[in-house]
Amino acid sequence: MPSLPLDHDISFRERDRIHGDAPPAFRNSIPLLCLIVGVACMLDGSAAAADRPAGERCADYDAERNVYWGDLHVHTSYSMDAYIFDTRLDPEDAYRFARGEARMLPPLDEEGRGTIPFQIGRPLDFAAVTDHADAFGGVRLCTDPESDAYSTELCKNYRRPFNPASVGAGTKDIVGRVASLNSAPLCGADGALCRAGLIDTWKDLQRAAAKFDDDAPSCRFTTFVAYEHTATPNLTKVHRNVIFRNDKVIEKPITFSDQPSGLGLWQELDRQCLSGVEGCDVLAIPHNPNLSNGRLFTIEYPEHSTRQEQARLASLRARMEPVVEIMQIKGESECRSGMWKVLGADEDCDFEKFRQLHEVEDCQDGMGWGALGGKGCRSRLDFARYALIEGMREADRIGVNPYGFGMIAATDIHAGTPGPTEEWETQTFDARVPGPGYNLGGLAAVWAEENSRESIFQALRRREVYGTSGPRMTIRLFGGWDYPKDLCDSDALVSEGYAGGVPMGSDLPIRTRGAEAPVFVVSAMRDSGTAKHPGNLLQRVQIVKGWADPDGTFHQQVVDVAGSKENGASVDPKTCEVSGPGENQLCSVWRDPDFDANQRAVYYARVFENPSCRFSTRICNAGAPGQKPAGCGNPDIPLTIQDRAWTSPIWYTP
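Under the working numbering, the first residue of the sequence shown is numbered 5, with each subsequent residue one higher.
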């Protein structure tokens with residue numbers, strides 16, 4: 005399968021089309037699934053890029069910002085669990101795949117090489133390899149034939165084929181193998197061998213990122229030096245991807261073994277990077293709050309700490325974690341119906357949920373353990389919407405909002421293949437159908453002046469970003485006090501949006517004299533797709549509002565502001581043929597009719613496509629009669645999906 009040339013990069017092609025054919029609202033802008041520790045679901049680069057010289061811009065620079073698409077959560081053979089599942093693609097392979105080159109996936113041949121070619125439908129604009137850092141050293145010792153440990157029984161056991169008799173047996177096997185990678189027999193009594201291996205792997209990741217980061221003026225692909233801090237206490241998932249702004253990074257990753265808590269991680273990143281290395285900047289992106297038993301969005305302040313100290317720590321968290329991953333292969337984490345002390349209906353809250361068991365106990369105002377193993381309670385703080393509301397409550401208490409985050413999506417792919425999220429891109433499942441909790445993951449969209457590390461990192465920092473469940477819709481959200489009702493008809497929507505208010509990820513400006521309520525402008529353009537795989541039409545746009553009462557009751561309000569759920573669109577699950585009307589673009593100017601000037605509130609936009617076939621349905625339809633995967637008979641797996649996007653919020657503070 006030939007590789008795509010770099011000029012196939014979607015942002016450049018799409019931007020040209022948008023400038024020429026878009027409505028006024030868009031002119032001038034524009035594994036093998038699985039696995040994390042403890043859970044099994046189923047059985048040549050461009051010139052090296054140091055920091056760009058000051059003043060040298062990319063050819064695509066636009067002061068009103070372009071939209072770029074990427075994946076900031078990717079695992080390769082350097083991750084202990086991915087290797088167990090026969091992933092042999094390394095970080096260089098991952099970046100090649102993201103740029104459009106074909107790579108070979110399992111099953112492996114006798115030489116340990118992949119046998120199935122796979123190529124992403126549309127290249128990405130940026131990516132970060134975020135391998136689990138905790139076992140870097142052990143994985144290196146056990147997978148490098150030149151290592152003295154390679155032929156030991158421990159390493160042979162780590163590399164042996166993974167063929168569990170059951171999910172439970174597989175989980176036990178994975179945990180045992182991973183634990184051995186940090187053991188004294190492998191690492192030495194003082195751990196020195198594994199520490200050396202960790203540093204060597206960290207240098208490899210830096211070299212790969214440098215090799216494939218495309219320098220000005222072409223700037224066709226951007227990489228970030230990154231890793232995952234994998235905290236899984238008692239099978240509760242409290243994981244974060246650590247993304248560095250440039251090539252000024254710390255000596256070695258801060259792992260769970262070094263700092264098991266989020267607070268410890270932020271403090272060490274502050275000490276070692278922000279204060280310890282000139283030019284170093286960093287942020288952490290939490291993911292899968294849906295599997296955290298209420299722990300990811302709970303700050304456990306030191307005992308007897310004062311409110312002033314708590315405010316300082318909340319400020320540190322807000323700086324270190326400006327965005328949250330709201331969607332990935334292990335489920336969506338936006339919201340959930342029926343949670344404790346959450347008032348207001350939202351019939352679209354049960355989208356792609358990992359924890360399917362309806363009888364899971366509600367944590368209420370507590371926390372639990374064991375979500376990765378299907379155990380423990382489920383908290384409203386397992387979902388981003390309610391964490392946003394909780395952040396405003398905390399701001400009322402201590403004066404700082406620790407959860408003022410933007411929202412993106414990613415894959416968490418463990419096959420070394422960033423970004424294959426379109427429903428027809430099923431190759432990473434090897435023709436198998438996983439349980440209902442798994443999906444293809446999502447993508448991050450950022451509004452940045454150019455496709456460079458600096459510009460994209462700053463977009464993440466200021467939260468002018470959004471996430472999708474896979475498609476590449478183009479979405480703008482602005483908030484202000486005086487936008488005209490006919491702004492959607494203006495050729496200058498973007499410039500007026502910036503001039504008259506703030507974009508997604510911002511706090512509303514001070515209320516202007518005479519303004520009764522905030523005004524939000526949201527515009528969305530469909531994903532046009534490709535000639536072979538056209539994108540789906542848009543169905544509707546919503547504004548989601550959240551606020552809290554003093555007694556801890558949360559309120560959510562969802563308003564359709566453009567389009568309609570009852571538009572008559574449908575899809576035939578037997579053929580995956582779509583029918584009915586839809587929109588190429590939707591735009592609305594909405595003023596909050598229930599605004600309370602004395603009440604904190606948070607607003608964000610949600611955009612829906614028309615229904616389409618879920619990836620699992622496509623796999624089942626492709627199977628020969630009598631030879632369909634077992635999952636095809638699972639009534640809990642939806643036949644269709646309604647892909648969507650979530651913008652970062654805009655906040656109102658009295």
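Idealized CB from N, CA, C, for every residue including glycine.
Whole-number beta carbon distance between residue j and residue i, since they are thought to touch under 8 Å
| i | j | result |
| --- | --- | --- |
| residue 559 | residue 426 | Between residue 426 and residue 559 the Cβ distance is about 36 Å, and since that is not below 8 Å, they are no contact. |
| residue 470 | residue 655 | 16 Å between Cβ atoms; not a contact. |
| residue 386 | residue 483 | The pair is not a contact, with the Cβ atoms about 27 Å apart (cut-off 8 Å). |
| residue 566 | residue 545 | 4 Å |
| residue 603 | residue 528 | Contact flag wrong, Cβ pair sits at about 28 Å. |
| residue 74 | residue 413 | The pair is not a contact, with the Cβ atoms about 10 Å apart (cut-off 8 Å). |
| residue 78 | residue 417 | 6 Å |
| residue 399 | residue 337 | In fact, because the Cβ distance is near 21 Å, the residues do not count as touching under 8 Å. |
| residue 616 | residue 644 | 7 Å |
| residue 4 | residue 480 | Residue 4 is absent from the model: the chain starts at 5 and stops at 658. |
| residue 423 | residue 430 | The pair is not a contact, with the Cβ atoms about 14 Å apart (cut-off 8 Å). |
| residue 223 | residue 102 | About 15 Å separates the two Cβ atoms, so there is no contact after all. |
| residue 550 | residue 392 | 6 Å |
| residue 613 | residue 475 | 6 Å |
Exposed unless 16 or more other CB atoms sit within 10 angstroms - verdict on residue i
| i | result |
| --- | --- |
| residue 514 | exposed |
| residue 432 | buried |
| residue 90 | buried |
| residue 647 | buried |
| residue 455 | buried |
| residue 152 | exposed |
| residue 290 | buried |
| residue 304 | exposed |
| residue 181 | buried |
| residue 173 | exposed |
| residue 370 | exposed |
| residue 85 | buried |
| residue 354 | exposed |
| residue 212 | buried |
Reference residue i, options the options, closest by Cα
| i | options | result |
| --- | --- | --- |
| residue 533 | 567, 182, 125 | 125 |
| residue 81 | 94, 71, 70, 72 | 94 |
| residue 505 | 524, 613, 490 | 524 |
| residue 509 | 64, 411, 585 | 411 |
| residue 229 | 162, 491, 460, 251 | 251 |
| residue 582 | 550, 563, 543, 554 | 543 |
| residue 343 | 294, 377, 376 | 294 |
| residue 265 | 312, 207, 321 | 321 |
| residue 440 | 101, 253, 641, 367 | 641 |
| residue 325 | 147, 121, 466, 624 | 466 |
| residue 69 | 623, 530, 478, 625 | 478 |
| residue 657 | 163, 240, 599 | 599 |
| residue 516 | 349, 487, 457 | 487 |
| residue 607 | 652, 628, 246, 627 | 652 |
| residue 288 | 628, 327, 279, 109 | 327 |
In DSSP terms, what residue i is bridged to
| i | result |
| --- | --- |
| residue 381 | According to DSSP, which records beta bridges pairwise, residue 381 is partnered with nothing at all. |
| residue 93 | Bridge partners of residue 93: none, in fact. |
| residue 533 | 538 |
| residue 511 | 655 |
| residue 243 | 234, 291 |
| residue 225 | In DSSP, residue 225 forms no bridge with anything. |
| residue 544 | 567, 612 |
Beta-carbon proximity list for residue i, same chain, < 7 Å, skipping 5 on both sides
| i | result |
| --- | --- |
| residue 394 | 301, 385, 407 |
| residue 234 | 41, 136, 138, 243, 260 |
| residue 661 | Nothing in the structure corresponds to residue 661, since the chain is present only between 5 and 658. |
| residue 577 | 617, 621, 643, 644 |
Contacting residues, own chain, Cβ-Cβ under 6 Å from residue i (five flanking each side not counted)
| i | result |
| --- | --- |
| residue 285 | 249 |
| residue 263 | 269, 272 |
| residue 315 | 402, 403, 404 |
| residue 140 | 202, 205 |
| residue 225 | 103, 218 |
| residue 83 | 135, 136 |
| residue 594 | 524, 547, 565 |
| residue 450 | 72, 460, 463, 469 |
| residue 162 | 146, 181 |
| residue 166 | 88 |
| residue 372 | 297, 380, 381 |
Close beta carbons around residue i, own chain, < 8 Å, minus the five adjacent residues each side
| i | result |
| --- | --- |
| residue 347 | 557, 558, 559, 560 |
| residue 638 | 437, 439, 440 |
| residue 359 | 294, 295, 335, 375, 378, 382, 441 |
| residue 190 | 142, 145, 146, 153, 156, 158, 159, 184, 197, 198 |
| residue 397 | 552, 556 |
| residue 200 | 141 |
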